[in-house]
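Quick mapping for you: the protein sequence lines, in order, are chains A and D.
Sequential numbering from 1 applies to the first sequence in our numbering.
Sequential numbering from 1 applies to the second sequence in our numbering.
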Amino acid sequence: MKRALLAVSAVFITGALQAQQSFEGVWILDRIVEETPAPLTAQGMAVQAAYDLLNDDPSLRCEPASLGRIWGNPNSRTGIHLVDGNLQLEHELFDVRRTPSPEGAGAAPTLAHNLQDTRFPALGTQTYEIDGEKLRIASTGHSAGYIRTGTGYPQGDGGSATETFWREGEHLMLELVYRDPVLFVGDYRILHRLAATGETSVPVYNCTDADYDWFEQLNAEATGGAKP
Amino acid sequence: MKYLFVVAALLSGNSALAHHSTATNFTQEIIEVAGTIEQIRFQNPHTSIVVKIDAAEGEAPFWLIESDARSTFERKGVNLDAVAIGSKVKVTGRKGVRPNTMFLRELMLEDGTRFSSNGTGRD
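What follows is the structure in structure tokens.
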């Protein structure tokens, strides 16, 4: 009887372990392994030239500029989980939550959002598929803006992005590829290496707007000048 | 002398992609200001310390010292809420693109306590 119970338990435990996909867990950026310079068209270069980092960065409003912006952020966690067969991504940065629809399921696409349910159209609508050991998330319909807020690499509303995840030993690799027929002449590719944190949940970020208005107001009041 | 270091991502390659880009919002020029702590915003995505200097007539008296996220500091076991408002400080850091801003390299209190980006420890 004991042997039978042990055998049944072993089957359940093995099943549970197999159900855990290799990409699941809480991850943190280990390093950017490779990044191709964005292959900008003339129009792409014009949009980049117009970028004003002091005003155009959505981070100043606690909003993610792009998928590239989220994944490139140092020291912040991302949880990737399958819950009842549905993919859920929890990004610590700006408390972004994503629930891509299964590819081909015909489900209505949902926008990424934060814990206050503020929607983030810059991240587009997303579908996912699990292909063997790889997880692939495809997104389209990003709002126009900037993929990289440091360099001002532009993001068009006619582009697409693919995030492909796979394991390499203890690390989770992420290849993020942007394609845009108007702004890029070829693929813009960033390869990330993520490390497991061993945590089971992602802490709440509680972002406070990082704009400079309040500070400029301090000096304006002190000097009797108008706020710039 | 107490010597408290705080690890920050300031000098790491990753900082080029930080919340608002450290690489582009701050120059490589190292500057120093001295004054009193007026305000500390220990929060995400950036911790900010406002320092008031003895400014000349018409000169802006407040400096905004920016640093890493609260969550980054907390993972290093550092609580900036413990620093008293009104403390006299000397601060060095990378001069910002915006007027009167810098990215923290080292903050020294009158009692010798230091916050810097070089490592963790106390002596």
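The C-beta atom is built at its ideal place from N, Cα and C for all residues, glycine as well.
If the cut is a Cβ gap below 9 Å, which residues of chain D does residue i touch?
i	result
Phe184 (chain A)	Simply none; closest approach about 20 Å.
Leu233 (chain A)	Any answer about residue 233 (chain A) is impossible in this case: the structure gives chain A only from 1 up to 228.
Phe120 (chain A)	In chain order: nothing, as chain D lies at least about 15 Å away.
Asn55 (chain A)	Going along chain D, no residue has its Cβ under 9 Å from Asn55 (chain A), so there is no contact; the nearest lies around 11 Å.
Ala105 (chain A)	Residues of chain D passing the Cβ test: none, with the nearest at roughly 33 Å.
Smallest Cα separation from residue i: which of the options?
i	options	result
Glu29 (chain D)	D:Arg105, D:Ala60, D:Glu110, D:Val51	D:Arg105
Arg148 (chain A)	A:Gln20, A:Ala112, A:Pro58	A:Pro58
Thr200 (chain A)	A:Arg31, A:Glu92, A:Leu54, A:Ala42	A:Glu92
Trp63 (chain D)	D:Phe115, D:Thr101, D:Val83	D:Thr101
Thr41 (chain A)	A:Pro109, A:Asn206, A:Pro181, A:Glu24	A:Pro181
Glu32 (chain D)	D:Ser48, D:Pro45, D:Ile65, D:Asn25	D:Ile65
Ser101 (chain A)	A:Arg136, A:Gly68, A:Pro121	A:Arg136
Tyr128 (chain A)	A:Gly152, A:Ala46, A:Thr162	A:Thr162
Leu29 (chain A)	A:Thr140, A:Trp71, A:Asn86, A:Ala46	A:Trp71
Cys207 (chain A)	D:Ala34, D:Gly35, D:Ala69, D:Ala60	D:Ala69
Glu24 (chain A)	A:Glu170, A:Pro39, A:Cys62, A:Ala108	A:Glu170
Asn73 (chain A)	A:His113, A:Leu218, A:Asn86, A:Arg31	A:Arg31
Phe115 (chain D)	D:Glu38, D:Ala34, D:Leu80	D:Leu80
Leu183 (chain A)	A:Gly198, A:Gly159, A:Gly106, A:His142	A:Gly159
Ser67 (chain D)	D:Val83, D:Asp111, D:Phe103	D:Phe103
Could you check how far apart the C-beta atoms of residue i and residue j are, in whole angstroms? I think they sit under 8 Å.
i	j	result
Pro154 (chain A)	Gln48 (chain A)	6 Å
Asp95 (chain A)	Leu123 (chain A)	Going by Cβ atoms, the distance from Asp95 (chain A) to Leu123 (chain A) rounds to 13 Å, so no, they are not a contact pair.
Pro99 (chain D)	Ala210 (chain A)	Between Ala210 (chain A) and Pro99 (chain D) the Cβ distance is about 17 Å, and since that is not below 8 Å, they are no contact.
Asn25 (chain D)	Leu53 (chain A)	7 Å
Leu172 (chain A)	Leu194 (chain A)	4 Å
Ala196 (chain A)	Val26 (chain A)	7 Å
Asp157 (chain A)	Ala144 (chain A)	5 Å
Ile80 (chain A)	Leu89 (chain A)	6 Å
Who are the neighbours of residue i on chain D, taking C-beta pairs under 7 Å?
i	result
Thr223 (chain A)	Gly58, Ala60
Pro232 (chain A)	Absent from the structure is residue 232 (chain A), since the part of chain A shown begins at 1 and ends at 228.
Applying a beta-carbon distance threshold of less than 7 Å, which residues of chain A neighbour residue i?
i	result
Asn100 (chain D)	Asn219
message: Across the segment 22-40 of chain A and the segment 187-197 of chain A, are there enough close Cβ pairs to call them in contact, namely three or more that are closer than 8 Å?
response: yes
- prompt: Can you list, in chain order, the stretches of the beta strand (DSSP E) that have 3 or more residues and sit fully within the segment 83-152 of chain A?
  reply: 86-91, 125-131, 134-140, 145-148
field: Every unbroken alpha helix (DSSP H) within the segment 21-82 of chain A, with a cutoff of 4 residues, ordered by chain
entry: 42-49, 67-71
- prompt: Are the segment 64-80 of chain D and the segment 36-51 of chain D touching by the rule of at least three beta carbon pairs closer than 8 Å?
  reply: yes
query: Which ranges would you report for the alpha helix (DSSP H) in the segment 53-86 of chain D if only whole runs of at least 4 residues count?
result: 70-75
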